[in-house]
Amino acid sequence: MAKSWKEWEKPILELEEGIDKLEQLIAVERDVEKKASLALRAQEYREKLHKFIDVRYSRLGPWEKVLVARAETRPYTLDIINAVFDEFVELDGDRRIGTDHAVVAGPASLEGRPVMVVGQQKGRNIQERGYRNFAMAKPEGYRKAIRMFEMAERFRMPVVTIVDTPAADPGVESESRGISEAIAASMLSMFSLTVPIVSVIIGEGGSGGAIGIAAANRVLMLEHSVYSVIPPEGCAAILWRDPAKGPQAAAALKLTAQSAHELGLVEEVIPEPFGGAHRDPGETADRIKEAMLRHLAEVAMSSPEAIKQARYDRFRILGRFSGQ
Amino acid sequence: MLVRKPAGGQPNPNFVQCVNCKKTLFTAEFEASLRVCQYCGHHHRLNWRQRVAFTFDADSFVETDTGISSLDPLEFPEYAEKHQQAQAKTGMVDSVICGTALLDGRPVSVAVSDFHFMGGSMGSVSGEKVTRALERGANEGMPVIIFCASGGARMQEGLLSLMQMAKTTAAVELCRTRGVPYIAVFTDPTMAGVLASYASVADVILAEPKALVGFAGARVSKQAQVHKAPDDFQTAEFVFRSGMLDRIVPRREMRSTLVSLVRLLGGHLHLEAKKVG
Ligand SMILES: [Zn+2]
Numbered sequence: 524m525a526k527s528w529k530e531w532e533k534p535i536l537e538l539e540e541g542i543d544k545l546e547q548l549i550a551v552e553r554d555v556e557k558k559a560s561l562a563l564r565a566q567e568y569r570e571k572l573h574k575f576i577d578v579r580y581s582r583l584g585p586w587e588k589v590l591v592a593r594a595e596t597r598p599y600t601l602d603i604i605n606a607v608f609d610e611f612v613e614l615d616g617d618r619r620i621g622t623d624h625a626v627v628a629g630p631a632s633l634e635g636r637p638v639m640v641v642g643q644q645k646g647r648n649i650q651e652r653g654y655r656n657f658a659m660a661k662p663e664g665y666r667k668a669i670r671m672f673e674m675a676e677r678f679r680m681p682v683v684t685i686v687d688t689p690a691a692d693p694g695v696e697s698e699s700r701g702i703s704e705a706i707a708a709s710m711l712s713m714f715s716l717t718v719p720i721v722s723v724i725i726g727e728g729g730s731g732g733a734i735g736i737a738a739a740n741r742v743l744m745l746e747h748s749v750y751s752v753i754p755p756e757g758c759a760a761i762l763w764r765d766p767a768k769g770p771q772a773a774a775a776l777k778l779t780a781q782s783a784h785e786l787g788l789v790e791e792v793i794p795e796p797f798g799g800a801h802r803d804p805g806e807t808a809d810r811i812k813e814a815m816l817r818h819l820a821e822v823a824m825s826s827p828e829a830i831k832q833a834r835y836d837r838f839r840i841l842g843r844f845s846g847q
Numbered sequence: 704m705l706v707r708k709p710a711g712g713q714p715n716p717n718f719v720q721c722v723n724c725k726k727t728l729f730t731a732e733f734e735a736s737l738r739v740c741q742y743c744g745h746h747h748r749l750n751w752r753q754r755v756a757f758t759f760d761a762d763s764f765v766e767t768d769t770g771i772s773s774l775d776p777l778e779f780p781e782y783a784e785k786h787q788q789a790q791a792k793t794g795m796v797d798s799v800i801c802g803t804a805l806l807d808g809r810p811v812s813v814a815v816s817d818f819h820f821m822g823g824s825m826g827s828v829s830g831e832k833v834t835r836a837l838e839r840g841a842n843e844g845m846p847v848i849i850f851c852a853s854g855g856a857r858m859q860e861g862l863l864s865l866m867q868m869a870k871t872t873a874a875v876e877l878c879r880t881r882g883v884p885y886i887a888v889f890t891d892p893t894m895a896g897v898l899a900s901y902a903s904v905a906d907v908i909l910a911e912p913k914a915l916v917g918f919a920g921a922r923v924s925k926q927a928q929v930h931k932a933p934d935d936f937q938t939a940e941f942v943f944r945s946g947m948l949d950r951i952v953p954r955r956e957m958r959s960t961l962v963s964l965v966r967l968l969g970g971h972l973h974l975e976a977k978k979v980g
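Respectively, the protein sequence lines represent chains Z and A. Note that my numbering has the first sequence beginning at 524, numbered continuously upward. Note that my numbering has the second sequence beginning at 704, numbered continuously upward.
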């Protein structure tokens with residue numbers, strides 16, 4: 524089993540590189556016959572690659588989904604925000620002690636209509652990852668989110684949250700500033716709103732860190748995103764005292780978008796473009812936007828009090844047990 | 704857990720050993736002091752029956768919602784066996800018991816989590832019982848008291864357990880809109896998914912001395928410990944200093960503290976009940 528997305532996608536990347544090199548050769552080749560035969564070979568490779576990607580991505584197991592969901596080439600929250608909204612003004616600060624760059628938030632325009640956006644932001648390189656704290660939000664991040672939720676309620680703006688986090692920040696400082704309270708208070712705030720809320724999980728939906736901004740009327744997941752109560756490695760460490768058994772734990776936890784949908788925990792799985800969201804971020808954003816607009820419109824058909832009640836009812840029925 | 708001191712190979716029921724200072728205690732005295740060590744003050748973990756007996760008016764507790772029991776919705780490895788073992792060990796159906804009780808004559812809605820059942824972990828059943836306790840309080844105008852004792856969400860029910868965090872928190876929001884006070888008591892341990900949901904958004908939060916209270920498990924915290932943590936990191940005392948809870952209350956004062964809070968914060972409910980009556 525591959526340990527990282529890079530390792531898993533390596534054969535595909537190698538084929539893609541091979542085709543690129545062939546294309547370069549074709550471009551400089553002057554001999555017409557040789558050029559034609561090279562072009563034929565490139566075409567064969569492209570077909571082979573297409574089939575290969577198709578096979579690999581249509582049969583992603585739970586662990587492969589974890590790897591793809593964590594891929595650093597996947598579109599991140601700000602990529603989606605920039606593509607989906609006509610306008611976005613980032614606001615910041617918890618108005619108490621600081622700010623948190625793992626959370627991006629602010630008003631935006633969705634097809635000309637104002638909405639409030641809150642999302643978790645990952646980084647692509649070492650500097651960015653440090654700046655974004657690996658998208659692990661601190662208490663300040665959740666309190667910034669609460670500010671936005673309250674503002675959305677005051678100004679009658681629908682709320683969109685974009686979830687992509689491995690977990691909430693587990694550090695000592697976050698504990699001392701009440702990370703647990705901040706997560707719970709963020710959910711509490713969402714349950715008090717009478718405007719529509721739609722959450723989209725675009726990559727990792729990491730336990731408390733994710734649900735802290737996903738107490739929504741509708742929860743949507745990208746096809747290869749995951750949503751889990753515990754990271755598979757952590758689960759494996761507890762169950763089998765072996766973090767390397769992440770793949771087995773990923774299967775046991777039923778953490779894929781498809782499983783979450785089958786369990787009735789998310790409203791819709793948004794299909795990703797051929798070969799995953801990272802192969803066509805623009806198309807991915809378009810599909811997210813379409814689903815977002817549709818669900819926001821459906822929720823908005825009810826009265827404000829009914830919208831709040833519907834959110835309560837949505838979560839009230841979640842759980843599986845026998846008896847009454 | 705509590706180790707009975709062996710005497711001639713056989714445990715002597717008249718003596719127990721403190722799990723903290725290891726001193727030998729008379730069982731009768733130990734029980735009379737609500738299972739708090741007379742030497743070191745260590746608050747030993749209670750099961751739900753002891754908690755109810757030490758807190759509410761005698762024989763006033765009525766258990767409700769006894770008919771619901773856990774399934775194994777994910778067919779998770781070893782869950783069915785572990786769950787059955789926990790049932791056999793504790794005589795409980797799942798980790799939370801809920802019901803109603805009287806506190807100095809006033810009706811309250813109650814949920815008690817028991818650490819002895821799978822670490823008090825929150826799955827579908829525990830989440831449902833906590834939610835029902837909060838809803839009963841909200842709908843019938845009774846203050847809600849919840850004793851927390853949990854390692855967090857139950858991983859064997861996967862995402863369904865995570866959803867209980869939101870479900871229970873929604874019920875707290877309901878109590879707030881209805882003006883029903885909700886008091887949470889953090890007992891050893893109150894962690895992770897339980898701490899990050901209904902536990903932390905109570906109107907009033909009390910804790911037992913030295914109770915373990917924290918978000919991240921010990922393993923994760925240690926890895927993430929860039930800055931050196933204080934010695935009492937993730938204890939009730941640390942959390943109190945951080946401003947995240949109201950009072951640390953020794954066990955012998957817990958009942959009287961709750962009586963006062965219910966009387967003072969729930970006074971309006973009593974008056975409204977009188978008006979209706
Ligand atoms: Zn002792």
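Think of the CB as a built atom: it goes at the ideal place given N, C-alpha and C, for glycine as much as any other residue.
Chain-ordered chain A contacts of residue i [CB-CB under 8 Å]
i, result
"LYS777 of chain Z", "LEU777, GLY861 and LEU862"
"ALA759 of chain Z", "What ALA759 of chain Z touches in chain A: nothing, since even the nearest Cβ is about 10 Å away."
"SER581 of chain Z", "Residues of chain A passing the Cβ test: none, with the nearest at roughly 23 Å."
"ALA708 of chain Z", "SER903 and VAL904"
"ILE669 of chain Z", "Going along chain A, no residue has its Cβ under 8 Å from ILE669 of chain Z, so there is no contact; the nearest lies around 12 Å."
"ILE620 of chain Z", "The premise fails here: ILE620 of chain Z is roughly 12 Å from chain A at the closest Cβ pair, so nothing lies under 8 Å."
Local conformation of residue i per DSSP, three classes
i, result
"GLN832 of chain Z", "helix"
"PHE844 of chain Z", "strand"
"GLN867 of chain A", "helix"
"VAL979 of chain A", "Because the pLDDT at VAL979 of chain A is just 49, under 50, the model does not fix this residue reliably, and the value given afterwards should be weighed accordingly. Of the three classes helix, strand and coil, the one that applies to VAL979 of chain A here is helix, per DSSP."
"ARG950 of chain A", "strand"
"HIS819 of chain A", "coil"
"GLN771 of chain Z", "helix"
"CYS801 of chain A", "strand"
"CYS851 of chain A", "strand"
"THR717 of chain Z", "coil"
"GLU610 of chain Z", "strand"
"ASP848 of chain Z", "With chain Z running from 524 to 847 in the structure shown, residue 848 of chain Z is simply not present."
"MET704 of chain A", "Since pLDDT at MET704 of chain A reaches only 48, below the 50 mark, its modelled position is unreliable, and the value read off the structure follows with that caveat. Here MET704 of chain A sits in coil by DSSP."
"GLU795 of chain Z", "coil"
"THR872 of chain A", "helix"
"HIS746 of chain A", "strand"
"ARG868 of chain Z", "Since the displayed chain Z opens at 524 and closes at 847, residue 868 of chain Z lies outside it and no answer follows."
"MET795 of chain A", "coil"
"THR596 of chain Z", "coil"
Segment limits, beta strand (DSSP E) that includes residue i
i, result
"LEU633 of chain Z", "626-633"
"ARG809 of chain A", "809-816"
"PRO804 of chain Z", "Segment 804-823 is the alpha helix (DSSP H) holding PRO804 of chain Z; no beta strand (DSSP E) there."
"SER751 of chain Z", "749-751"
"GLY642 of chain Z", "636-643"
"GLN720 of chain A", "718-720"
Amino acids of chain A, ordered along the chain, whose beta-carbon sits closer than 7 Å to that of residue i
i, result
"PHE838 of chain Z", "MET866, ALA869, LYS870 and ALA873"
"GLY701 of chain Z", "SER945 and MET947"
Bounding residues of the alpha helix (DSSP H) (the contiguous stretch that carries residue i)
i, result
"GLU570 of chain Z", "555-581"
"LEU777 of chain A", "Counting along the chain, LEU777 of chain A falls outside any alpha helix (DSSP H), and DSSP gives it neither H nor E."
"THR893 of chain A", "Taken as a continuous stretch (DSSP letters only), THR893 of chain A belongs to no alpha helix (DSSP H), being part of the beta strand (DSSP E) at 885-894."
"THR727 of chain A", "Not the alpha helix (DSSP H): THR727 of chain A falls in the beta strand (DSSP E), residues 727-729."
"SER730 of chain Z", "730-734"
"ARG764 of chain Z", "Segment: none, ARG764 of chain Z is in no alpha helix (DSSP H) and carries neither H nor E."
"GLU911 of chain A", "Looking at the DSSP string, GLU911 of chain A is not in any alpha helix (DSSP H), and its letter there is neither H nor E."
"VAL765 of chain A", "No alpha helix (DSSP H) contains VAL765 of chain A, which is instead part of the beta strand (DSSP E) from 765-767."
Under 9 Å from the C-beta of residue i: neighbouring residues of chain Z
i, result
"PHE936 of chain A", "VAL695, GLU698 and SER699"
"PHE850 of chain A", "The premise fails here: PHE850 of chain A is roughly 17 Å from chain Z at the closest Cβ pair, so nothing lies under 9 Å."
Contact set between residue i and chain Z, taken where Cβ atoms lie within less than 7 Å
i, result
"GLY917 of chain A", "GLU698"
With contact counted as at least three CB pairs below 8 Å, one residue from each stretch, are the region 808-824 of chain A and the region 794-803 of chain Z in contact?
-> no
Which of the residues in the region 864-875 of chain A, read from start to end, lie with their CB under 7 Å from any CB of chain Z?
-> SER864, LEU865, MET866, GLN867, MET868, ALA869, LYS870, THR872, ALA873 and VAL875
Taking any Cβ of chain A, which residues in the region 671-694 of chain Z have a Cβ under 9 Å from it, in chain order?
-> ALA690, ALA691, ASP692, PRO693 and GLY694
Tell me, please, whether the region 724-736 of chain Z touches the region 682-689 of chain Z by the rule of three or more beta-carbon pairs shorter than 8 Å.
-> yes
Below 8 Å, can you find three or more Cβ-Cβ pairs linking the region 850-870 of chain A to the region 736-753 of chain Z?
-> yes
Just checking, does the region 575-593 of chain Z make contact with the region 526-539 of chain Z on the three C-beta pairs under 8 Å criterion?
-> yes
Name, going along the chain, the residues of the region 762-787 of chain A whose beta-carbon falls closer than 8 Å to a beta-carbon of chain Z.
-> GLY770, ILE771, SER772, SER773, LEU774, PRO776, LEU777, PHE779, PRO780 and GLU781
Contacting positions in the region 814-830 of chain A - beta carbon closer than 9 Å to chain Z = GLY826, SER827, VAL828 and GLY830
Give, in chain order, every residue of the region 883-903 of chain A whose Cβ lies closer than 8 Å to some Cβ of chain Z.
-> ALA895, GLY896, LEU898, ALA899, SER900, TYR901, ALA902 and SER903
Note down, in chain order, all residues in the region 789-818 of chain A with a beta-carbon under 7 Å from any beta-carbon belonging to chain Z.
-> none
Is the region 906-918 of chain A close to the region 956-973 of chain A, with three or more CB pairs under 8 Å?
-> yes
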